[in-house]
Each structure stands twice: as C-alpha cells, then as structure tokens.
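Below is one structure, written out as structure tokens, with a few remarks after it.
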C-alpha cells in the first residue's frame, strides 16, 4: 500500500514532468510565432554641400515608430537609420541584416523618407530610359562627369533585389510592406520587371 509520502513524491514527479512538457511546448510556440520587424530610413538633413534641401523626414519616422509600437511591434525589432547613418552603405547593410534576421511568416515594414531622383537607366529595363532612385545622406544632388555620376544612389533595381531576397526568406505566409516617401518613387521597386509594366 502506498504511503502518504510516496503519494506526494509520485505527484511531485508527475508535476515536474507535466511542467517540463508545458515549458517545452510554450517555448516551441513562442519560437514559431512570426516576428514583426521594421526598418525606418529617414534623411531630413543631407550632407553639407550636397545641394539637397532639408525635409521633415525625422518627424515621419517618429510618427511611424509610435504607430508601430501601438500595433505590437517590439522596440528591439524597429531599426531606424537617420541622416548621417543613412548613407548608401548604411542602408545596404541594414537591408542585408534584415534579410539575415527574417524568418518564414514574419511581417516586415520598410519605410524611406527622403529625396528621390531619376538617373539614366544602366541596364535597359526602363521604357523611359530612367531608373528611379532613393537619395541616401551621402549622395550629392549634382552629377559631375568623372567626379560623381550617381554611384551613391539606391537605384530601383538594387532595392528590388533586396525585396526579392526578403520575399524568399518570408515564404508564402510572410509579408513585406514598403513605403517610399520620395520623389520619383512610383516604380521604386521595379527590379527586373519588364519595361512595359
């Protein structure tokens, strides 16, 4: 016949097993939950001497950040690049990091607020002969042959390549929303789509 102490010991063992199973199940569920991630890029003050006028982009990023926090985005999952951090290299690095962090089923938001520019198409995929480009902090306004010929712009083809990489990582259950608040950004995600699109 089982003693009271044996019965308690047996119940404790069963409780420990049940507790362990619950912890493992909860951990698995939490790890499987999709993450909401955001990359906010705001260039309000361009590099001195760049020729670009100041914008209200910093305010845009702050307002959007507040909205995202209210919608359940975690502070740690909202990455913001402002002004001098939003160079072409800085933006490219942030996009690559976002691709590396992204898991199937995640929900992503990318926002750019700054200047936009059209430049001569360099691969023949534009019906009008111009690529649309976002203007990072370190991109001058004026082209000068042999000095600066647009190499620090984020062209639609390059941005489209990053977005395709994100879509591959997200799978069919994930989503990515891209907001471009810049001039000439109407086909800013064109990538390698046909010229007639």
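In this note's numbering, the protein residues as written are 1 to 197.
Here a beta-carbon is modelled for each residue, glycine too, at the ideal position from N, C-alpha and C.
Please read all numbers here as calculations on a predicted model, not as lab measurements.
Distances from the CA of residue 104 to each of 179, 166 and 39 were compared; the closest alpha carbon is that of 166. Linking residue 121 to residue 36 through their CA atoms gives a straight-line distance of about 34 Å. For the 7 Å CB-CB criterion, residue 63 and residue 38 do not form a contact. DSSP places residue 74 outside both helix and strand once states are collapsed to three, so it counts as coil.
Taking C-beta atoms as the reference points, residue 149 and residue 143 count as a pair closer than 7 Å. With a beta-carbon spacing of about 5 Å, residue 87 and residue 137 fall inside the 8 Å limit used to define contacts.
Look at residue 79 here: in three-state DSSP terms it is strand. Between the alpha carbons of residue 117 and residue 42 lies a distance of about 16 Å. Residue 109 and residue 54 have their C-alpha atoms some 24 Å from each other.
The beta strand (DSSP E) runs of length 3 or more contained entirely in the segment 145-171 do not exist; there are none.
Contact between residue 111 and residue 179 is confirmed by a C-beta separation of about 4 Å, below the 8 Å threshold.
Residue state for residue 176 is assigned as strand, using DSSP reduced to three classes. When only Cα atoms are considered, residue 119 and residue 101 end up about 32 Å apart. Counting the other CB atoms within 10 Å of its CB gives residue 59 a total below 16, which places it among the exposed residues.
Going by beta carbons, residue 131 and residue 156 fall inside the 7 Å limit. The C-beta of residue 84 has fewer than 16 other C-beta atoms within 10 Å across all chains shown, which makes the residue exposed. Collapsing the DSSP output to three states places residue 119 in a strand.
The alpha-carbon separation between residue 47 and residue 81 amounts to approximately 14 Å.
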